[in-house]
Structures are given as structure tokens and as C-alpha cells.
RNA sequence: CGAGGUGUAGCGCAGUUUGGUAGCGCGCUUGGUUCGGGACCAAGAGGUCGCGUGUUCGAAUCCCGUCACCUCGACCA
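Numbering (the working numbering), first residue to last: 6 to 484.
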């Protein structure tokens, strides 16, 4: 008991020590465990179930927009990486190289994929001959390996799970449209499934993907006002087509080089969910990805009829398509209440002798402090889905409020410094010079996030150097 | 790689200054009483003190070495 009380106190540290709170919650709710190799993460069933719901919902959307799933090998010849100059420069420091099999040295070194552009482009160069072969719209669900120096569960691990789309188009315009389209798919998905509001925009040259012509990102604001890049969509132009010699014979009888895109989101989204919706009592999971949407806690289980009523309610809700769990273990009710709150279960349903007598169930929402209320037991099949939808709305609105309240328009370096020190996003004007970006990073540890599509100016001059501004851009501290 | 810190039961820690029987809390097991906000009583199980050397009658404790992990910097979805 003492330990759990202490846990609640630690969780309450959310305001002072957000990263500590984050790892504590993840470990104590059994989402993950640390792997034996530094920087690796074991995703436990409760955490993996969240990923499965993310996968299912996002996969539907990817398919609805015309893409198909495929799978490419995780081992890539090192020489492939070397073909695109920027790409190898960007990834070489963090790739895991396979040099030996047993004692025998390999004549051609292999990398464990840090991303799949190179191997996929190699295949595309064989698959594509005619304009009739285009567009190619393929997506892959896979794991990738990037040996980062410091790691944090879900946000940055040596190996992570993701979805990577790789498309090929006949024209530059089509490729750009695809890049933006998928960014919007992510945004719709984040809003309607994860209850996360996003900032969409274009990355600066410095922050763009190694090998891309342009990178667009979705940025999310964590509860503490820091930014998290939640996904990216790249317009690769013809860079990889050139490097891998992808050509097609067009209608006019001439060979042309196609234009490509790639886009991905990762298990980092789970980290975003935790850091956006969580509170001092632990996880708060958005209903549409919660492994358990409603937990039934029988009270005074030994009393006549309690367990039978709980079981019958469980069966009814299950049949109604709700992800429901009945906890009939002999832990005390109070223990169970805290357990499911900590684990972020959106709804708790208590059922005890008093409820049975009144033909009601006692319901409690995880997302609000409004306390318990009762509902007629016969109405739950229809009421629970409504409540889940309300919880989703409420989470989205709260996150949107936070984003709005913590975003400031800044005109100069003093205001920018104040904004990031107050844990706010700084919406700034920028001259476009990378040295201004670098200076802001060095002085205030804030990086450029992205340049929103709506470029309506909020000033005339660069926040850093005071010269004429070219872009509207967000600066923020980021995870 | 630069700076700091920690390794003792499944988890969290005390014990190390001053060498002398391996401790505490939680968790776990069994039995009983409980059950509407982390219940209580009783009895149990569980550790070559990160690893290796050395000093000593005797080392978790002292010396030397080594490994691992954590935090902060540079890199990143």
C-alpha cells in the first residue's frame, strides 16, 4: 500500500518533472519493459494492443486512399545506402552494420534498414517500365533500426515499429499532391482516432529528411508545451529515381524519370498519446485506441447475485461491440478503481448490491473529475458508446485548448526566449537563413518545427536577425 | 566520446564512514476475516551483496581492476 500511495505522489510530479512522470507511467502501467540491449524496448500486451488499434484504423485509411501493403527485406546492401549522397550522410552514423556471418566476413556489408527507400527503389527500378505502371502506391508495416545515442520508450528507441508509404508518380505535381494528401490523412486520423490536434507544415532545409526535396510534418504539443514530431511526409522529387535509375517510357515515346514520395508514422504516436492526454493519476487513453474501453468492477462480489449481474452485463456490452473487461479477481474494489484509472481505461462501471436493487450501474469517466453517476442498467449498450464519443471529444478539445493557450506570436529574440521558457510554441517570422535557425537552437534550445500552410504574415522582419522575413514558422523545444 | 551518479530478494531501498550472523517496505505463497476509493490478521518462500583480483582470522563494507545501467550534453521518427 505504501508503495502505491507513493506512486500516486510521483505521478503528481507531472508538472515539475514531466519526463520522469512519462517513464514511470509507462513502466508501471506495463506498456513496455526495457530490452536486454540498450535502447531496445519490449512492448508488452497492454501497450501492443494500443498499437494494434492504431494500425487497424490507419491501415484502413491508407487503403481507402488507394494504397496496397507489401513487405521488403530488413537487410539492405550497404552499397545501396551509398547511392544517394544526402541519404547516406543522414543515416550512416546510426545504422547497424552486419559485417559477419558466424566467423566469416561478408564481402558485401549489410545494413539493418533504418528506412526502406533504398531497397524499395531498387525494386521499383525493375518493376517500372511504362507510364502504365504508374502510379505505384505501396505501404509497408515494419520495424526499423536506428542506433540513437539516447533513448526514451516510444519516443526514441533503437528499434521501432512503423508504417512507411513509398509511392512513384509520373509528374512532380502528382508527387506533391500525394505528399500533402497523406499528411492530411495523418491529421484526420490523429484528430478522429487519437484525439490529437496537429500543426501541419513544411520543414526547414535543416530539418528535412535526408534525400528529400521537401519534408512536411505533423507536430503535436505535449501537455508541458514541448513539441513532438508525430509523423512526416516527404516529397522525394527525382533524387532517388536518379540514384536508382528508375525510368519509365511515357506516352510521348521518351524515357522520363518519375517523382517519388515517402511518408511514415511510428510507435512514437503512443508516446504522444501518453504525453498529451495523461494526467497526475496516470494514463488517459483515447477511447478508440484504448485496449479496454470499459472496466466492470463488481462490488461485494460474495453477495448474492452480484457476480451474475456483472457477468450478464459483460456479455451484453461485449455483444454490443464494446471492448469491455470484467475484473472478478479478489483484489479490493478500491484497488481496482485505482488500477484502471492508472491504466487509462476511459470508463469504469461499478455494479454492487445497491445498483442491482435500483436496476442501475454506477459509471465513472476517466477524462473528467465530475464523479460517479448512475445509468439504468438496461440502457448501457446505447449509453456507453455515446459516452466514449463524448470522452473522445473532450480529450480533443482539451488538447486543442492547450495548443491554443501555449502558442504565442513573437517578434524578436527576447519574446522568443520568453515564450519557450514559458513552455509555449513561438510562432515567428523568419528570413530563411539557416544561421538564424542555428542561433535560436544554440541560445534557447528551440528548434524550428514547421512552416504552416497558411503563411499569412504575423510580422515583417525575421525574429532573429531583423532582416526582411520570408516565412512564418514555429519554433519550440522538442522531444 | 565529455561530466556526474548507481549496482544488495521480483520492485524500491537501508547497511559501506568505523570490516564481525544478510536487513526493511512493497509484491509473492497459504489459511482466515473483509469488500461502494489502493483492507486486516497469522504463517511462509525468496539474496554466491554486478564481476574479478588482492589485504585480513574474517569483506556487501578496505585496495586495485573490470563490466553494466541511469542522468545531463552532441545525433534523431
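For every residue, glycine included, the Cβ atom is placed at its ideal position computed from N, Cα and C.
Just so you know, these numbers come straight off a predicted model, no measurement behind them.
If I measure Cβ to Cβ from residue i and keep anything under 6 angstroms in the same chain, skipping five residues before and after, which residues do I get?
i: residue 364; result: 382
i: residue 9; result: In this prediction, residue 9 scores a pLDDT of 43, lower than 50, which makes its location untrustworthy; no coordinate-derived value is stated.
i: residue 19; result: 26, 285
i: residue 203; result: 192, 195, 223, 225
i: residue 166; result: 148, 272
i: residue 248; result: 88, 89
i: residue 58; result: 294
i: residue 218; result: 240, 242
i: residue 338; result: 302, 304
i: residue 151; result: 99, 119
On the DSSP letters alone, give me the boundaries of the beta strand (DSSP E) that residue i sits inside.
i: residue 430; result: 430 to 435
i: residue 46; result: 46 to 48
i: residue 38; result: 37 to 39
i: residue 207; result: 204 to 207
i: residue 477; result: 476 to 481
According to the Cβ coordinates, are residue i and residue j closer than 8 angstroms?
i: residue 271; j: residue 240; result: no
i: residue 380; j: residue 394; result: no
i: residue 413; j: residue 232; result: no
i: residue 211; j: residue 221; result: no
i: residue 375; j: residue 322; result: no
i: residue 141; j: residue 190; result: no
i: residue 169; j: residue 123; result: no
i: residue 198; j: residue 62; result: yes
i: residue 479; j: residue 454; result: yes
i: residue 357; j: residue 288; result: no
i: residue 303; j: residue 325; result: no
i: residue 372; j: residue 396; result: yes
i: residue 77; j: residue 103; result: no
i: residue 457; j: residue 205; result: yes
i: residue 153; j: residue 99; result: yes
i: residue 310; j: residue 162; result: no
Among the residues of its own chain, which have a CB less than 7 angstroms from the CB of residue i, if the five just before and after it don't count?
i: residue 69; result: none
i: residue 467; result: 434, 435, 436, 441, 474
i: residue 6; result: Reliability fails at residue 6, whose pLDDT of 30 lies under 50, so the model's placement of it is uncertain and the value that follows must be treated cautiously. Here the set comprises nothing.
i: residue 226; result: 232, 407, 408, 411, 430
i: residue 250; result: 130
i: residue 256; result: 136
i: residue 312; result: 303, 306, 333
i: residue 446; result: 452
i: residue 5; result: Nothing can be reported for residue 5: it is not among the residues displayed for the chain, which extend from 6 to 484.
If I'm right that residue i touches residue j with Cβ under 8 angstroms, what's the distance once you round it to whole angstroms?
i: residue 269; j: residue 236; result: 7 angstroms
i: residue 570; j: residue 175; result: An answer regarding residue 570 cannot be provided, because it is not within the stretch 6 to 484 covered by the chain.
i: residue 295; j: residue 201; result: That pair is no contact at about 14 angstroms.
i: residue 392; j: residue 352; result: 6 angstroms
i: residue 116; j: residue 83; result: 5 angstroms
i: residue 260; j: residue 400; result: Rounded, the Cβ-Cβ distance is 52 angstroms, inconsistent with contact.
Let me check you understand the geometry: is the CB of residue i closer than 7 angstroms to at least one non-hydrogen atom of the ligand NAP?
i: residue 28; result: In the structure on display, the ligand NAP does not appear, and there are no ligands present to speak of.
Along the alpha helix (DSSP H) that carries residue i, what are the first and last residues, could you check?
i: residue 29; result: 23 to 33
i: residue 418; result: 418 to 426
i: residue 442; result: 439 to 449
i: residue 313; result: 311 to 324
Apart from the five residues on each side of it in sequence, which residues of its chain come closer than 8 angstroms, Cβ to Cβ, to residue i?
i: residue 37; result: 31, 46, 47, 48, 49, 52, 158, 159
i: residue 328; result: 295, 296, 297, 298, 299
i: residue 112; result: none
i: residue 143; result: 72, 73, 74, 75, 125, 170, 171, 172
i: residue 425; result: 431, 449, 450, 451, 480, 481, 482
i: residue 55; result: 36, 275, 278, 290, 294, 295, 296
i: residue 34; result: 51, 287, 288, 347, 348, 349
i: residue 60; result: 146, 168
i: residue 179; result: 140, 264
### Task
Could you tell me which uninterrupted alpha helix (DSSP H) segments, each at least 4 residues in length, are contained entirely in the segment 222 to 298, listed from first to last along the chain?
244 to 249, 273 to 282
### Query
Which ranges does the beta strand (DSSP E) cover as unbroken runs of at least 3 residues, wholly within the segment 328 to 414, from first to last along the chain?
329 to 331, 352 to 356, 365 to 370, 378 to 381, 412 to 414
### Task
Counting only runs of 4+ residues fully inside the segment 113 to 181, write out the alpha helix (DSSP H) ranges in chain order.
122 to 132
### Message
Suppose only complete runs of 3+ residues qualify. What are the beta strand (DSSP E) ranges in the segment 74 to 120, listed by chain order?
### Response
80 to 82, 101 to 106, 109 to 117
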